[in-house]
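These protein sequences, in sequence, are chains U and A. Read in order, the letters of the first sequence correspond to residues 1 to 350 in our numbering. Read in order, the letters of the second sequence correspond to residues 1 to 350 in our numbering. In what follows, a single structure is set out as structure tokens and then discussed.
Number of protein chains: 2
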Amino acid sequence: MSIRDLARALDISIGTVSRALNDRADVNPETRRRVLEAAAAMGYAPNQSGRSLRQGTTNAVAFMIPNDHDVAALGNSFFMSVSDGLQPVLMEAGLDLFVLLCPSEMDKNAFLRRVVERRIADGVIISSIERQDSRIDYLVGRNVPFVALGRSLSGGAHAWVDLDFEGVIAQSVSRLARLGHRRIAFSSAGGRINFSFIFAEAYRRALEAEGLSFDPALMIREDGTEEGGYRLGDRLLAMPEPPGAVILADETMAIGLYRRLYEAGLTPGRDLAVIGFRDSPHCRFLSPPLTCFRLSLHDLGRRLGEIMLERLKGGGGADRPPQEIWPMELVAGESDGRPSHRLRPPAASA
Amino acid sequence: MSIRDLARALDISIGTVSRALNDRADVNPETRRRVLEAAAAMGYAPNQSGRSLRQGTTNAVAFMIPNDHDVAALGNSFFMSVSDGLQPVLMEAGLDLFVLLCPSEMDKNAFLRRVVERRIADGVIISSIERQDSRIDYLVGRNVPFVALGRSLSGGAHAWVDLDFEGVIAQSVSRLARLGHRRIAFSSAGGRINFSFIFAEAYRRALEAEGLSFDPALMIREDGTEEGGYRLGDRLLAMPEPPGAVILADETMAIGLYRRLYEAGLTPGRDLAVIGFRDSPHCRFLSPPLTCFRLSLHDLGRRLGEIMLERLKGGGGADRPPQEIWPMELVAGESDGRPSHRLRPPAASA
DNA sequence: GATGGAACCGTAAACGTTTACGACGCTATC
DNA sequence: GATAGCGTCGTAAACGTTTACGGTTCCATC
Chain U
1 MSIRDLARAL
11 DISIGTVSRA
21 LNDRADVNPE
31 TRRRVLEAAA
41 AMGYAPNQSG
51 RSLRQGTTNA
61 VAFMIPNDHD
71 VAALGNSFFM
81 SVSDGLQPVL
91 MEAGLDLFVL
101 LCPSEMDKNA
111 FLRRVVERRI
121 ADGVIISSIE
131 RQDSRIDYLV
141 GRNVPFVALG
151 RSLSGGAHAW
161 VDLDFEGVIA
171 QSVSRLARLG
181 HRRIAFSSAG
191 GRINFSFIFA
201 EAYRRALEAE
211 GLSFDPALMI
221 REDGTEEGGY
231 RLGDRLLAMP
241 EPPGAVILAD
251 ETMAIGLYRR
261 LYEAGLTPGR
271 DLAVIGFRDS
281 PHCRFLSPPL
291 TCFRLSLHDL
301 GRRLGEIMLE
311 RLKGGGGADR
321 PPQEIWPMEL
331 VAGESDGRPS
341 HRLRPPAASA
Chain A
1 MSIRDLARAL
11 DISIGTVSRA
21 LNDRADVNPE
31 TRRRVLEAAA
41 AMGYAPNQSG
51 RSLRQGTTNA
61 VAFMIPNDHD
71 VAALGNSFFM
81 SVSDGLQPVL
91 MEAGLDLFVL
101 LCPSEMDKNA
111 FLRRVVERRI
121 ADGVIISSIE
131 RQDSRIDYLV
141 GRNVPFVALG
151 RSLSGGAHAW
161 VDLDFEGVIA
171 QSVSRLARLG
181 HRRIAFSSAG
191 GRINFSFIFA
201 EAYRRALEAE
211 GLSFDPALMI
221 REDGTEEGGY
231 RLGDRLLAMP
241 EPPGAVILAD
251 ETMAIGLYRR
261 LYEAGLTPGR
271 DLAVIGFRDS
281 PHCRFLSPPL
291 TCFRLSLHDL
301 GRRLGEIMLE
311 RLKGGGGADR
321 PPQEIWPMEL
331 VAGESDGRPS
341 HRLRPPAASA
């Protein structure tokens, strides 16, 4: 079922069929109608490989997301929501969206190179951006249209979209300081992901802005998972001089942290102030409600699509590529009360 | 950077280059070495469109997952984990995996047709199978290699893999009955998804097997989300004759249900026995621990990949397509205690 | 009636691969 | 020394499209 069959059935040339299907000008309206009708009737759709080969374009955009274990928690709901906004924008423009999962064992650079060199997509969206990310240098070097979901020190004038980590931390610290907190801990996953660095830097600056001193012992590295949050609770409880508040770089941690606190007979918000990061559905049912920050991932995804289309059309022209930081809005819960000094479990203090 | 450039650089014919790259027999080992070396040095990778066009095969498998709102909750962790097992198997065989998200506004059938007709992938994995699913008829009719993640009444002898819903319900009901429960509710999302029907049917049969009577009021339809679980709690509390136990078709509901119970001053396991479905990471931190069922989604994904490879190789031969039901193993928590009659909130009973 | 132009359509090349086929050179055999 | 066979390689066709180019028809104009 190729264009040839369709042409034969209609007794016209394949050139005309192609023009009719592609809405070109120089074709008789009546002919176009017949072609479209026959195509629908015979269930014809152009072979994408043929088109790609001829046009040098695949009509597809690849969204590369890592399947790492540490991102699995975050990634799930996060990337799905983003894709949900991204997809319709691309589809509107006649582009397919291929979500590509980079296997955990495979090098992200090698994976990306493979995708680009085999010409699987016209444009790429990369995520989980590292502080220095060679994928960006590679894409810039090969002049591949792309958008990064996350900032980086690499590259330079490439398009990216990112969340306002600085704003989140600044708001959190200042809010806690207003409540009277002077020892505010911060927990992040570390690693090479750039937002870990941004978070850490913003944390120090925010403390400074509030006139609070920085204590290295209060910057705690734990996975951004439920388990990580549980272990964070362990560590906080074991500290000789525990903080009165903790800010989480990943709200998923709150689930584990809450659990650990409850096990110790403590209540979040009363015995330890907790502020989470994103207002994710899985945390919406924590009790007491978690203070965190809202952002429409759907809108973010849509914007990502728009930028992608721009990059594809522009062909890497002289226009400044957009670089956007999306603010997040505080959602006040009841998890971040005034300081108390009850963090030691009752058993220990008895 | 095509095969022609590579051939020119090596001063041999493109035919030989192609044979060398594709590990064909009739090529001098020394020549092959030179070709591979040059390809690596010059960063050459065969253009996928060219290959596809010539071979009539795309070296890709499409994993079509819906982006519906009701599956968004389930889908997140579920599909990611499955993909994580699936991906390496395909990659080992030189196949790319494209995760395709069907936009919520778009008809699933139209989306699938588009994918198949444009020859985007050699094989398809479909999910969220409905009781009668025309996608299956379509794929069978067009002789497209595929595996369904979920049973259906449609099709017939096609390959599928599914979870053992019957076993889960039978185990849950019998376990609760042994604990002395006689009024056991069941909550599922309904809709056209086949597992809703399977669950409902299995529920009735399991009651019968235990000599318990079926009460339509105890089959409660709610979304398989946190919110759905919360509303389920509302409804249970409002019942004139509340059940002593409830089985959830989606463990995510447990999060909302727990919350609602706590708000009413009630404790899962003591005041209401709760059994969830899957042992998902998001429920692992519920307190008291949720009784649910374990299954390695990673293994399931791997098996899905193996079956896909089989289907692609077999070319739809005379062999029986595999149809597998994966058993799930009970993980005893503390959420399913003996019956009590304290479901009415203390305020109401006081 | 010759000419120009517009509207429409057919022809054929090109995209980058793979692969059937045949050609070449060499060695071993009778 | 002719021949067969093997190992290696080049040639060219084919996959399904799109598109530049030229051709045909028809109508309007001078």
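Beta carbons: idealized from backbone N, C-alpha and C, even for Gly. Treat the numbers as computed from the prediction; the structure is a model and nothing was measured.
Could you tell me the distance, in whole angstroms, from the CA atom of residue i to the CA atom of residue j?
i	j	result
residue 144 of chain U	residue 83 of chain A	27 Å
residue 67 of chain U	residue 49 of chain A	26 Å
residue 336 of chain A	residue 252 of chain U	26 Å
residue 277 of chain U	residue 204 of chain U	17 Å
residue 310 of chain U	residue 247 of chain A	50 Å
residue 126 of chain A	residue 79 of chain A	11 Å
residue 340 of chain U	residue 282 of chain U	27 Å
residue 209 of chain U	residue 173 of chain U	9 Å
residue 109 of chain U	residue 91 of chain A	16 Å
residue 234 of chain A	residue 63 of chain A	37 Å
residue 326 of chain U	residue 37 of chain A	46 Å
residue 322 of chain A	residue 295 of chain A	19 Å
residue 329 of chain U	residue 297 of chain U	13 Å
residue 112 of chain A	residue 220 of chain A	32 Å
residue 99 of chain A	residue 81 of chain A	13 Å
residue 73 of chain U	residue 104 of chain U	Confidence in residue 73 of chain U is poor, its pLDDT being 49 and thus under 50, which makes the residue's placement unreliable; the coordinate value appears in the next sentence. Answer to the nearest angstrom: the Cα atoms are 14 Å apart.
residue 284 of chain A	residue 20 of chain U	57 Å
residue 256 of chain U	residue 243 of chain U	18 Å
residue 166 of chain A	residue 261 of chain U	37 Å
residue 102 of chain U	residue 65 of chain U	6 Å
residue 189 of chain A	residue 301 of chain U	28 Å
residue 232 of chain A	residue 267 of chain A	15 Å
residue 270 of chain U	residue 258 of chain A	21 Å
Taking its Cβ as the centre, do 16 or more other Cβ atoms sit within 10 Å of residue i, making it buried, or is it exposed?
i	result
residue 141 of chain U	exposed
residue 214 of chain A	exposed
residue 8 of chain A	exposed
residue 25 of chain U	exposed
residue 55 of chain U	exposed
residue 22 of chain A	exposed
residue 159 of chain U	buried
residue 178 of chain U	exposed
residue 222 of chain A	buried
residue 164 of chain A	buried
residue 241 of chain U	exposed
residue 28 of chain U	exposed
residue 201 of chain A	exposed
Could you check how far apart the C-beta atoms of residue i and residue j are, in whole angstroms? I think they sit under 8 Å.
i	j	result
residue 97 of chain U	residue 44 of chain U	Actually they do not touch by this definition, with Cβ atoms about 23 Å apart.
residue 121 of chain A	residue 61 of chain A	5 Å
residue 218 of chain A	residue 186 of chain A	7 Å
residue 351 of chain A	residue 249 of chain A	Because chain A spans 1 through 350 in this model, residue 351 of chain A falls outside it and cannot be assessed.
Leaving aside the five residues before and after residue i along the sequence, list all residues of the same chain whose C-beta is less than 6 Å from its C-beta, in chain order.
i	result
residue 152 of chain A	129, 133, 136, 194
residue 245 of chain A	176, 181, 184, 273
residue 324 of chain U	161
residue 168 of chain A	293, 328
residue 287 of chain U	none
residue 114 of chain A	none
residue 307 of chain U	147, 159, 322
Give every residue of the same chain whose Cβ lies closer than 7 Å to the Cβ of residue i, excluding the five residues on either side of it in the sequence, and list them in chain order.
i	result
residue 131 of chain A	152, 153, 192, 194, 197
residue 94 of chain A	59
Which same chain residues end up closer than 8 Å to residue i when comparing Cβ atoms and leaving out the 5 residues on each side of it in sequence?
i	result
residue 52 of chain A	58, 59, 119
Give a single yes or no on whether residue i has its beta carbon closer than 7 Å to a heavy atom of the ligand SAM.
i	result
residue 132 of chain U	Absence of the ligand SAM from the depicted structure is noted, as is the absence of any ligand whatsoever, leaving it without description.
Q: Would you list, in chain order, the members of the region 92-112 of chain A that have their beta-carbon closer than 9 Å to a beta-carbon of chain U?
A: Cβ contacts with chain U: 96, 97, 98, 99, 100, 101, 102, 103, 104, 105, 106.
(Q) Residues of the region 273-289 of chain U in Cβ contact with chain A at a cutoff of 7 Å, in chain order, please. (A) Identification of residues in the region 273-289 of chain U having a C-beta nearer than 7 Å to some C-beta of chain A yields 281, 282, 284, 285, 287, given in sequence order.
Q.
Under 7 Å, CB to CB, which of the residues in the region 253-270 of chain A have a partner in chain U?
A. Listed by position along the chain: 255, 256, 259, 262.
Q | Residues of the region 113-125 of chain A whose Cβ lies closer than 9 Å to any Cβ of chain U, in chain order | A | Listed in sequence order: 113, 114, 115, 116, 117, 118, 119, 120.
Q) What residues in the region 206-240 of chain U have a beta carbon less than 9 Å from any beta carbon of chain A? A) Listed in sequence order: 225, 226, 227, 229, 230.
Q. Going along the chain, which residues of the region 74-88 of chain A sit with their C-beta nearer than 7 Å to a C-beta in chain U?
A. Result list: 75, 76, 77, 80, 83, 84, 87, 88.
**Q.** chain U contacts made by the region 327-344 of chain A, where a contact means CB separation under 8 Å
**A.** Residues: none.
Q.
Can you pull out the residues from the region 162-180 of chain A whose beta carbon lies closer than 8 Å to at least one beta carbon of chain U?
A. For the region 162-180 of chain A, there are no residues whose beta carbon sits under 8 Å from a beta carbon of chain U.
Q: Report the residues of the region 126-137 of chain U with a CB closer than 9 Å to any CB of chain A, ordered along the chain.
A: Listed by position along the chain: nothing, the set is empty.
Q) Which residues, in chain order, does the region 6-22 of chain A contribute to contact with chain U at a C-beta distance below 9 Å? A) Cβ contacts with chain U come from no residue of the region 6-22 of chain A.
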